[in-house]
Each structure stands twice: as C-alpha cells, then as structure tokens.
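In the UniProt record's numbering, the protein residues as written are 1 to 197.
Built from N, CA and C at the ideal position, the CB exists for glycine as well.
From a predicted model like this one, the values you see are computed outputs, not experimental measurements.
These notes concern the structure reproduced below.
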Amino acid sequence: MTNTVSDEGLDLLFREARSMNGWLDKEVSDEQIHAIYELLKMGPTSANQQPGRFVWCKSKEAKEKLAETASEQNKKKILTAPVCVIIGYDLDFHEELPWLFPHADAKSWFEGDEAARKESAFRNSALQGAYLMLAARALGLDCGPMSGFDQDAATKAFFANQPRYRADWICSIGYGDRSTIFPRSPRPEFDTFNKLL
Numbered sequence: 001m002t003n004t005v006s007d008e009g010l011d012l013l014f015r016e017a018r019s020m021n022g023w024l025d026k027e028v029s030d031e032q033i034h035a036i037y038e039l040l041k042m043g044p045t046s047a048n049q050q051p052g053r054f055v056w057c058k059s060k061e062a063k064e065k066l067a068e069t070a071s072e073q074n075k076k077k078i079l080t081a082p083v084c085v086i087i088g089y090d091l092d093f094h095e096e097l098p099w100l101f102p103h104a105d106a107k108s109w110f111e112g113d114e115a116a117r118k119e120s121a122f123r124n125s126a127l128q129g130a131y132l133m134l135a136a137r138a139l140g141l142d143c144g145p146m147s148g149f150d151q152d153a154a155t156k157a158f159f160a161n162q163p164r165y166r167a168d169w170i171c172s173i174g175y176g177d178r179s180t181i182f183p184r185s186p187r188p189e190f191d192t193f194n195k196l197l
C-alpha cells in the first residue's frame, strides 16, 4: 500500500495554510532557500523542461529594487518579507533539453517555434512556482503569492543579462503574521466546477 501524507501534513500544505500579508521579524536562512529549491526541482514538468528561473530577493537592496516594480499595496509585503522570490521562465529552455531530457531529441520539438516555447515555459514554470510554495510550506514556512507588479520592469531590473528570461509572478516567503490575513474566502464544492465522467 502506498504511504500517504498525514492529516497534520495535509493541514500544513493545504487546509490550514494561508496566503500571508504580513511577516514576523524572523530570518529565512540561505540553507532554507536551498532546501526549498531541492524539493521544488523534483516536481514534474513536461519532458523535464525545468523552464522556471528564480531570483531570491533577500537583501534589503534587492527587495527595494523589486518593490519599485510593485503596486502600492504590495510594496510593504515585499519589503517586510524575509525573502521574496521572482518566478520567471526561460523562452529558450529547450536549449537545456539535451541534458535535462536525454531520452529523446526534445530540443527539436521546440526549435523554430517560439510561440510553443512560450506557452510551454509559461505553463511549466507556473507549476514550478506552485511546487515552490508547497516546498516552503512543507519546511514550515509561509507564502504570500502576488501578481500586482510590473512584469516588464521586473524583467528589465532582474533579468537584464538574460534577455530570454521573463518575470511572471512573485512570492514572499517567511514566517507569516496570522493577524494580517483575511478570513478564508469560499472554496467551491466538487460539483460546482467539476465533472466526473
């Protein structure tokens, strides 16, 4: 029989986990950041594309630089978080496929088709961002995902030397201040948005 996650683990990852708006003054170590990545990279992506590109803004200067690209309501969330991650993607991820997916000539599937590369990079890097959040939660940290920022400005500010990378969304990570969260929003029952055929 396959092992399953305990009820306590499911609470940690899903049922009791919340998106944080404020943070306790408690550091996230470089070791914790590396541990998050070591978990998230194990999540599946199509043909092991691994198109996600991550910038971990931990220093005061990096967070200030990122906050300059954010909406007013998100600036404080970025500045006060121990770490804020930019989740981006590489439009030329296919160049890495010969070693990431050596089972087939996967690079040829995407050569000359930038639209297909963008669609696949966007989809699979979003998956990797979700894995990042689950990994952080599994390691006892909280998350605050955000999309209220200027993606082009963040791309220019953080990926200037990688012209084929694009910033997509951001996620603050740390120890959340639960006094700052809203009451949980409704979650639909299965029959609302599902069909079982």
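* **Distance between residue 27 and residue 61 (C-alpha atoms, nearest Å)** => What you label residue 61 is simply residue 61 of the sequence shown in a count that begins at 1. What you label residue 27 is simply residue 27 of the sequence shown in a count that begins at 1. Near 16 Å, if we compare the C-alpha coordinates of residue 27 and residue 61.
* To do: Go through the UniProt domain "Nitroreductase" (24-175) residue by residue and report every complete run of the alpha helix (DSSP H) that reaches 4 residues or more, in order.
  => 30-40, 60-67, 72-80, 97-100, 107-110, 114-138, 151-158
* Could you say if the segment 91-111 and the segment 27-43 meet the contact criterion of at least three C-beta pairs nearer than 8 Å? => no
* To do: With DSSP as the reference, please indicate the residues paired to residue 19 in a beta bridge.
  => For the purposes of this step, residue 19 is identified with residue 19 of the sequence shown, where counting begins at 1. Answer is 143, bridged to residue 19.
* Asked: Hey, residue 86 and residue 66 are a contact pair by Cβ (cut 8 Å); roughly how many whole angstroms apart?
  -> Taking the sequence shown and counting its residues from 1, the one referred to as residue 86 is at position 86. Taking the sequence shown and counting its residues from 1, the one referred to as residue 66 is at position 66. Right, the Cβ-Cβ distance comes to about 7 Å (below 8 Å), so this counts as a contact.
* Which stretch, first to last residue, makes up the alpha helix (DSSP H) that contains residue 8? -> For the purposes of this step, residue 8 is taken as residue 8 along the sequence shown, with counting starting at 1. It spans 7-10 - the alpha helix (DSSP H) in which residue 8 sits, taken as one unbroken run.
* To do: With residue 177 as the anchor, note down where its alpha helix (DSSP H) starts and where it stops.
  => On the sequence shown, residue 177 is found 177 positions in, with the first residue counted as 1. Segment: none, residue 177 is in no alpha helix (DSSP H) and carries neither H nor E.
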